[in-house]
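Please read the structure below before turning to the comments.
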Amino acid sequence: LAKTTQPISMDSYEGQEVNITCSHNNIATNDYITWYQQFPSQGPRFIIQGYKTKVTNEVASLFIPADRKSSTLSLPRVSLSDTAVYYCLVGDNGIGAGSYQLTFGKGTKLSVIP
Amino acid sequence: NAGVTQTPKFQVLKTGQSMTLQCAQDMNHEYMSWYRQDPGMGLRLIHYSVGAGITDQGEVPNGYNVSRSTTEDFPLRLLSAAPSQTSVYFCASSPRAGSTEAFFGQGTRLTVV
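Sequence order for the protein chains is A and B.
According to this note's numbering, the first sequence is numbered sequentially starting from 62.
According to this note's numbering, the second sequence is numbered sequentially starting from 1082.
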């Protein structure tokens, strides 16, 4: 699995847009980029996945440049309830002969300030 | 549709005791896995299963056993608990092996004294 690098922590005020960038220089052709959110005392929750360009859902947007060596998770107008750890993962989604192991790094701890 | 259910939510064990953490999913998922999460360490894979009757080791398997007799259940057994196994344990399931969309349980907080 491609290794990912993301900031350890970020702070943001309520109502602001937050962008968390993940670096994955060794991403393979078949790899997807997936983001999870983990609230305190809960298991991680899948929030968004993409392969290229832009993906948007009701929770977030995911921006992936043409070279796919990085990706940016964008959370619009954050609230206190968005305080969580956000993990970036890269994997082939079971399409190829990649590893069966989802590798969660330490994630980015987002703190939303009133 | 309950998703992934873990029991118990909390457990305190004495060193040397054994116990089984239960995990069940009702989504007919092929792939199931166990992680432990320690402060500052992220999630580390303990064991995983790609289907009933098939299990394999992850990154930190020592001190743990698993079995997968049915698609729905994937229990994690601690053979002889040690303080180093104090952690939060998460079970997860995915539609297929290698899927990057996983569904997690609420976790079991285990303390070994």
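For each residue, glycine too, the CB sits at the ideal point set by N, CA and C.
All of these numbers come straight from a predicted model, not from anything done at the bench.
- Taking 8 Å as the CB-CB cut-off, is G1139 (chain B) touching chain A? yes
- Item | Closer than 9 Å at the beta carbon, the chain B residues around F165 (chain A) | Y1116, Q1118, G1123, L1124, R1125, L1126
- Query: CA-CA distance, P1176 (chain B) and I174 (chain A)?
  - Reply: About 37 Å.
- Message: With a threshold of 8 Å between beta-carbons, can Y1129 (chain B) be considered close to chain A, or not?
- Response: yes
- Query: Using a Cβ-Cβ cut-off of 6 Å (strictly less than) and excluding sequence neighbours within five positions of A1173 (chain B), which residues of its own chain qualify?
  - Reply: S1114, A1183, F1185
- Item | beta strand (DSSP E) segment containing H1128 (chain B), residue limits | 1123-1132
- Of all the options A:S140, A:F165, A:V146, A:D143, which has the alpha carbon lying nearest to the alpha carbon of G152 (chain A)? A:F165
- Query: Going straight from the alpha carbon of I69 (chain A) to that of K167 (chain A), what length do you get?
  - Reply: Going from the Cα of I69 (chain A) to the Cα of K167 (chain A) covers about 7 Å.
- Taking Cβ positions only, does Q1187 (chain B) come closer than 8 Å to chain A? yes
- Query: Taking Cβ-Cβ distances shorter than 9 Å, what residues in chain A pair up with F1171 (chain B)?
  - Reply: G104, P105
- Is the shortest distance between the beta-carbon of T95 (chain A) and the beta-carbons of chain B less than 8 Å? yes
- Message: Please return the same chain residues whose Cβ sits closer than 7 Å to the Cβ of Y74 (chain A), not counting the five positions on each side in sequence.
- Response: Only I174 meet the Cβ criterion.
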